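All you need for our numbering is the position in the sequence shown, starting with 1, plus 63. Here a beta-carbon is modelled for each residue, glycine too, at the ideal position from N, C-alpha and C. Please read these numbers as outputs of a predicted model, since none were measured by experiment.
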Amino acid sequence: MLISCKSNALQSLTDSDFNTFLLRAEQLNNTDPKAALVLLNRHKAELNTQPITNQVNYYRIQSTAYIDQALYRLSEASSEQGLKLAKQMNNPSIFIAELAYTKGFAIENLGDLEGAFLLYQNGLDVARSMNNQKLIARGLINIGAILYLQQDYKQSLITLNQALALANAIGDDTLLGEINNELGILYGHLDEKNQANDYFQQSYQHYKSAGKHNYALKSLHNVANNHTKQKNFEQAIKVYRVLESEIQPNSSHQFIANVYRKLAWALLNKEDSGTENAYRYILLAGEYVEDVEQHLVKLQYLIDKAYILEKMTRYQEALDSLEQAEILLERKTSNVYDTSELKMLFLSAKLHYALGHYNQAYQIQTQYFTLSIAGEQARETTEVDELMLQYESETAQRHTHILEKKQRIQHLQLQQMTLDVNSRKAFVGILALCTLLLAWCLYRVIKGQRNLTNATRTDSLTGVVNRRRLLELGEEYFLTAQNHQQAFSVYMIDIDLFKKINDQFGHVIGDKALKEIAIQGQNLMRASDVFGRFGGEEFIALLPNTGNSEALEVAQRLKENIEQAKWQTQQIKQLTVNIGVATFEQGNYDNFAALLKVADEQLLKVKQSGRNTVTVSDHE
């Protein structure tokens, strides 16, 4: 009996020491996950002597440390071991939810979004069953992230806002850092870059307050990425330089590779392009990218390297890099939308043209153009304007129904009044006033809905129809022309030397030039025509019921009007444009995409042969 008591006392002491060690490892992981893993592995031999709870906790901490080092396969294996052990526990443990989240995050980064979603949902169910608000919020954050990766932005916004409400109520800085970071990424997908930056900055501050240095750096990394997406390359470079200075021996290879790769891209694209510096940094990225497990990082590295080599006129080497990227693209398992394939096709066409492979360049360019239009059409319902329109219109529609119902009640009350004259007059006056107020509110709601609709169809800079609306109307006009056997012409318009205007006078003057072109285009169009901005310095005009000869005449007039215009901007003495014209007549094209592609090909011919020119397709 004495021996048994002594043995139990020693075991209890050992358990206590092991728990102290686990606590130290978890704290160390906040600042140095590599050191935390060394500490954990040092005590692994003692693991089998510990109670199941301690063993499960060990794998929970280890799997998290592997995640922080971007070692996703090791994290998956560690968290799976923890989940297996957890099944042997007499009572359910909150560790199960954390292990499910960690394993989900590991396989999410390895490309299995569906598997990750199921694990996140399972972990959330456990957290809810144990009423752990913090882990409920984490589960919602994880699910919200999967939803935006699958382009379900509306549901992602709803889910992440639920998590934000919980995080605010709890007041935990780590949790607030996590939710603000995910909201920043979501708003970046929605092209709300300023709002995204606000969230990233808040995330950075919360992580710093929580002592989560490595996580704070990830939020700062997202700030830099956001600057790059906004083409604020100088600002992005400043932030990437800060991140470069923070690289430590314990930094994950994925983090280092991403910092160097994205710094290279920003250096390549800034106004006074630093091609040599960009090449130096892309080579540095290459030293670390081999050990990175995330498929997309390797793919983007090869694409960025190809773009840098193209700038250095090392065309064959650039093609070799794209061929390696093509192999990775074929192995892509995730259905997450990204522009990798489009970027590859665009550069590949350019490289083949530079090498004199004109037929191949033409075929690849055709493939790029078709995929680009298909991508735009597929993404129409996932753009921010569509999301906001749908999200706010649903609320507005509910308000409309409520107001209409109240109006009907008011009218019934007015008709059925049986009170004495004075009281009735007072009530009628009040109800009439209420009816007027309700009618005004109804008008405001309907007007708001119309404004939202207009916002989704208009280019914010020039005020003309935007790309998405142009594609919609183009499809409609083509079908009308096809069904009624009418002619339908399309212009693809490009401003000559627009990049030179931006480089010489700045983007403010460039923006003014775009506005002037939009005004000239709109002024010349008929009421039935549409003139809109396709993107950058490219515009499109849609001319229903317009044959080839008439389309050519109008295009010449537009070109001359722009050439002879007196510009309000002093820095610009003259602007000229190139116009590619294509006409649908007698069933010569099968669809709008084919018609638009030919207009673009005509524009390309003009740009290759000269400037300030109109060319028309002779396609029959």
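- Beta-bridge partners of V644 (DSSP): Y554 and V679.
- Residues of the same chain with a CB within less than 7 angstroms of the CB of Y303, apart from the 5 flanking positions on each side, are A287, V322, K325, L326 and A329 in chain order.
- Three or more beta-carbon pairs separated by less than 8 angstroms link the region 328 to 346 to the region 362 to 376, which places the two stretches in contact.
- The DSSP-derived three-state label of P607 is strand.
- In this structure, the alpha-carbon of L110 lies about 31 angstroms from that of D175.
- The residue from I157, D215, I319 and T338 with its alpha-carbon nearest to that of K361 is I319.
- Going by DSSP, R520 is part of no beta strand (DSSP E) at all; its letter is neither H nor E.
- A check of alpha carbon separations from N285 across A657, N243 and H316 identifies N243 as the nearest.
- Remark: three or more beta-carbon pairs, one from each stretch, lie closer than 8 angstroms, so the region 355 to 369 and the region 122 to 138 are flagged as touching.
- Under the three-state reduction of DSSP, E601 is assigned to strand.
- Taking a C-beta distance under 9 angstroms as the contact criterion, N611 and Q549 do not qualify as a contact pair.
- The three-state secondary structure of G174, taken from DSSP, is coil.
- Uninterrupted alpha helix (DSSP H) stretches at least 4 residues long and entirely within the region 230 to 256 occur at 236 to 252, given in chain order.
- In this chain, the alpha helix (DSSP H) harbouring P96 covers P96 to R105.
- Counting along the chain, N120 sits inside the alpha helix (DSSP H) bounded by residues I115 to D131.
- Taking a C-beta distance under 9 angstroms as the contact criterion, T639 and R596 do not qualify as a contact pair.
- Among the bridge pairs identified by DSSP, R596 is matched with F602.
- Just measuring C-alpha positions, the residue of A160, E241, I366 and V679 sitting nearest T402 is I366.
- Rounded to the nearest angstrom, the gap between the Cα atoms of T291 and V669 is 32 angstroms.
- I572 and K368 have their C-alpha atoms spaced approximately 32 angstroms apart.
- Per DSSP, reduced to three states, the secondary structure at V527 is coil, with no helix or strand assignment.
- Straight across, the Cα-Cα distance linking L577 with A348 is about 38 angstroms.
- Residues F602, V640 and I642 of the same chain have their beta carbon placed closer than 6 angstroms to that of I556, with the five preceding and five following residues left out of the count.
- With fewer than 16 other CB atoms across the displayed protein chains lying within 10 angstroms of its CB, S308 is exposed.
- For W328, the enclosing alpha helix (DSSP H) stretches over residues H316 to N332.
- Under the 10 Å beta carbon count, T678 is surrounded by 16 or more other beta carbons and is classified as buried.
- Put simply, the region 211 to 224 does not touch the region 188 to 201. Fewer than three CB pairs are less than 8 angstroms apart.
- Contact annotation, I159 with V189: C-beta distance approximately 5 angstroms; criterion of less than 8 angstroms satisfied.
- Non-local C-beta neighbours of L103 in its own chain, meaning closer than 6 angstroms and more than five positions away in sequence, comprise A88 and Q125, ordered along the chain.
- Boundaries of the alpha helix (DSSP H) harbouring M407: S403 to A417, taken from the DSSP string.
- DSSP places A226 in the helix class (H, G or I) of the three-state scheme.
- Judged by beta-carbon spacing, N260 lies beyond the 9 angstroms limit of K294, meaning their Cβ atoms are not closer than that value.
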